[in-house]
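The sequence shown runs 212 to 459 under the working numbering.
Beta carbons: idealized from backbone N, C-alpha and C, even for Gly.
These notes are about the structure you will find just below.
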Amino acid sequence: MSALTLFISDLHLDQNRPDSTRAFLNFLDSHASRAQSLYILGDFFDTWIGDDYLRHEPKDAAIEEILTRLKQCTDNGLKLYFMHGNRDFLLGNEFMQRTGGKLLCDPTVIQLGSQPTLLMHGDSLCTQDTEYMNFRAESRSPEWIQDQLSKPISQRIAFAKHLRNVSMKKNSQTAENILDVDYQEVINVMEKHGVTQLIHGHTHRPKIHTISIGTESKKRYVLGDWDNHAWYLSHQCETLQLLRFDYP
Ligand SMILES: [Mn+2]
């Protein structure tokens, strides 16, 4: 049997969404246990205020279980990869050590069967949302991150809540096309990296798009978020499928 590779994103795991955590742990048993590699392409957590939260008492039981189960998977040979999303870009080395995962840059090119494939979270493709692009540039600087991580945990939790509220309000007031990827930016990054396909999440618009560039036909695979449906991409024997299961 040839290698099975799985891709997921946008689970937005959070203590208020125990059904999604349960669905993910079930997914590890039912799917990831048969896979060679699992790629988690951002927004695995709805917020991540820094790895030092893992040492904060009282411990978050759900997070501890997720870490324990991921470590069991990697100990059993699963190759586990993470990419930052716009919600959990403070995931760092301590988290990777606890899970046995490896943090990938956004973007990263992998060879998937015969296809050079670009992996991204997807937020950097939404170039029409200039307000967000400005915040993204600012908040990914080492200075901003260091400043953020130096703040007390309670203050960071409050700030994360504030960011989430601002984002929800904005998403309800902003045109759909501005919150989606920019088509020209998609073509630009695919050309730049010389790939035949792109896999990303972020927009919560699961779909397989065909992109015609000159005489070439390329594919863009968009993962969906986990909200009573669990979306994933499954690659085996040169076949890449967008699949889902329902929960709870
Ligand atoms: Mn996102």
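Query: Would you kindly check if the distance between the Cβ of ASP263 and the Cβ of SER220 is under 8 Å?; Result: no
Query: Ligand 1 and ASN297: does the residue's C-beta get closer than 7 Å to at least one heavy atom of that ligand?; Result: yes
Query: For a test of the three-state rule: what should DSSP assign to HIS411, helix, strand or coil?; Result: strand
Query: For ILE241, is the classification buried or exposed, using 16 other Cβ atoms within 10 angstroms of its Cβ as the cut-off for buried?; Result: The amino acid occupying residue 241 in the given sequence is Ser; Ile does not appear at that position. Exposed, by the Cβ-count rule.
Query: Where do the N-terminal and C-terminal ends of the beta strand (DSSP E) with LEU249 fall, by residue?; Result: 248-251
Query: Alpha carbon to alpha carbon, what distance is there between GLY425 and THR414?; Result: 26 Å
Query: Quick check on PRO353: does DSSP put it in helix, strand or coil?; Result: helix
Query: Can you round the beta-carbon distance between LEU217 and ALA234 to whole angstroms, since I take them to be within the 8 Å contact cut?; Result: No, LEU217 and ALA234 are not in contact; Cβ-Cβ is about 14 Å, not under 8 Å.
Query: Helix, strand or coil: which one does DSSP assign to VAL406?; Result: coil
Query: Less than 8 Å between the beta carbons of LEU330 and LEU315, yes or no?; Result: yes
Query: Between which two residues does the alpha helix (DSSP H) carrying GLN366 extend?; Result: 364-384
Query: Taking only heavy atoms of ligand 1 into account, decide whether any of them is closer than 7 Å to the Cβ of GLY332.; Result: Reading off the sequence, residue 332 comes out as His, not Gly. Under cutoff, so the answer is yes.
Query: Out of curiosity, what's the CA-to-CA distance linking ASP162 and HIS332?; Result: Examination of residue 162 is not possible in this model, given that the chain is present from 212 through 459 alone.
Query: Assuming ARG280 contacts LEU222 (C-beta within less than 8 Å), just tell me the rounded distance between them.; Result: Not really, about 14 Å apart at Cβ, beyond 8 Å.
Query: Can you find at least 3 beta carbon pairs, one from the segment 338-349 and one from the segment 380-398, that sit closer than 8 Å?; Result: yes
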